[in-house]
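Mind the numbering: the sequence shown is residues 1 to 323 in full-length UniProt numbering, read in order.
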Amino acid sequence: MNDHYLKKLDRVTAILTQLQSKPVVRAHDLAAKFDVSVRTIYRDIKTLENAGIPIIGEAGSGYSLMDGYKLPPVMFTKEEVLSFITAEKLMQKFSHQSLGNHYRTAMEKVRSVLKYSDKNLIQNIEKQIDIFNYYPETEDHIKDILPIVLESIAEKRQLTMEYKTIDGSVSMRTIEAVGVFFEFNYWYIMAFCTLRNDFRQFRVDRILQIFKTQNPFLQEYGQINDYRQNGNGNKTIVKLLVEKKIINHLSNSKKYYGLIDEKETDLGMELTFETEWITDGFPRWLITFADYATILEPEILKTRLAELIENISVKHQKTSANS
């Protein structure tokens, strides 16, 4: 069998897996996934139909398997089995508890259909992989909170919740959840808040109660990254000149604080940011490496950073005088 037919066999098998895992599969999506033409996908679908696979649909509308049709269990390659083990370790360390419990149950089902040799592989290798997390775990007030949120998104139903802000005040909110995301060791919900009539993000561990209602969403929403990237407040352009020797230490945090451009100069790395946190969040982050950075603009950031440094100095002088 030549290379062309081997590639086709692999692709047709993968298309069958896609049909098993999704309610509808579009030819254009399959073509993009396997980097072939749409016409090639049409021929692959015809190959599956000729093999007796009952496929419903036609070109332009998408394909699906006939309801109730059963296929033999999917077989996994050794590389896929090893990826499951690694993913399981990541889920144990970084997933929300409610998702982690469901993932463990799912992994038990996956293990049950593995070949005997693959089960031995897991037993021999799983204790050789570990993920070290240096952040303390957060505690939530509610069990299974993320599945509740994800169900509300799928069903397009509003949520009501009791939420505690960072200053300790508690309020009732009605929200339309757009999505969830994990950042800096916390899970967040991105949602439209009917109380504020605007988009907000809510830290999951600050939710005291949450209920799914029967009220439908008031509007349609896009993808979660559309709302995280766009923001809602007035943004300020910030330019910093940072010494090259510390730039690697900022590789993760600089994107979080709104990095939009980065270029190398003879004097250092010139970083350009777009931030909504010009008076608080951004200067407090900048103070952690301020001795290696020069503020090029704006003046308001220079003033605010000087105020913070002065406040810190005065506070510690008073502490020293009282000790």
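Here a beta-carbon is modelled for each residue, glycine too, at the ideal position from N, C-alpha and C.
All figures in this text were calculated on a predicted structure; none of them were measured in a lab.
Identify which residue in the options has its Cα closest to the Cα of residue i.
i      : options                         : result
Thr236 : Ser253, Ile278 and Lys255       : Ile278
Tyr163 : His28, Lys318 and Ile207        : Ile207
Phe211 : Lys127, Ile53 and Glu151        : Glu151
Leu9   : Leu267, Thr288, Ile45 and His28 : Ile45
Asn50  : Glu176, Val12, Tyr186 and Ala27 : Val12
Gly268 : Thr288, Lys239 and Gly258       : Lys239
Val204 : Thr17, Glu220 and Val180        : Val180
Ile131 : Lys255, Lys89, Leu259 and Ile41 : Lys89
Asn197 : Ile175, Ala106 and Ile189       : Ile175
Grab me the residues of residue i's own chain with a C-beta within less than 7 Å of its C-beta, minus the 5 sequence neighbours each way, in chain order.
i      : result
Pro283 : Leu301, Arg304, Leu305 and Leu308
Tyr292 : Val242, Glu243 and Ile246
Pro23  : Ser64
Asn230 : The pLDDT assigned to Asn230 is 47, lower than 50, so where the model puts this residue is not dependable; a value taken from the coordinates is nonetheless given after this. Nothing listed; no residue qualifies.
Asn215 : Arg157 and Gln158
In chain order, what residues of the same chain lie with their CB nearer than 6 Å to the CB of residue i, ignoring the 5 residues before and after it?
i      : result
Asp261 : Thr272
Arg39  : none
Arg200 : Cys193
Ile312 : none
Tyr69  : Pro54
Phe34  : Arg11
For residue i and residue j, which I take to be in contact (beta-carbon distance under 8 Å), what is that distance rounded to the nearest angstrom?
i           : j      : result
residue 354 : Ile129 : Because residue 354 is not part of the residues shown, which for the chain are 1 to 323, the question remains open.
Leu296      : Leu241 : 6 Å
Glu270      : Lys263 : 5 Å
Please state whether DSSP places residue i in a helix, a strand or coil.
i      : result
Lys164 : strand
Ser171 : strand
Leu16  : helix
Ser21  : helix
Ile56  : strand
Phe84  : helix
Asn185 : coil
Lys109 : helix
Met66  : coil
Phe282 : helix
Ala31  : helix
Asp118 : helix
Val149 : helix
Leu195 : coil
Asp130 : coil
Thr275 : strand
Asp143 : In the sequence under discussion, the amino acid at residue 143 is Lys, which differs from the Asp named in the question. Looking at Lys143 - three-state DSSP - the assignment turns out to be coil, as it is neither helix nor strand.
Glu155 : helix
Ala321 : helix
Lys78  : helix
Leu90  : helix
Determine, for residue i, whether the minimum Cβ-Cβ distance to residues of chain C falls below 7 Å.
i      : result
Val242 : Although the question refers to chain C, the structure presented lacks it and comprises just one protein chain.
I want to check one thing, is the minimum distance from the CB of residue i to the heavy atoms of the ligand COA below 6 Å?
i      : result
Phe273 : Among the components of this structure there are no ligands whatsoever, and the ligand COA is therefore not found.
Apart from the five residues on each side of it in sequence, which residues of its chain come closer than 8 Å, Cβ to Cβ, to residue i?
i      : result
Leu121 : Lys78, Val81 and Leu82
Ser171 : Glu162, Tyr163, Thr165 and Leu195
Asn234 : Glu276
Ser253 : Trp285
Requested in this report: Jot down the residue ranges of each uninterrupted beta strand (DSSP E) in the stretch 286-318, minimum 3 residues, whole runs only, in chain order.
Outcome: You should have 293-297.
Query raised in the report: What are the uninterrupted segments assigned as beta strand (DSSP E) that are 3 or more residues long and contained completely in the stretch 202-241, given in chain order?
Result: 207-216
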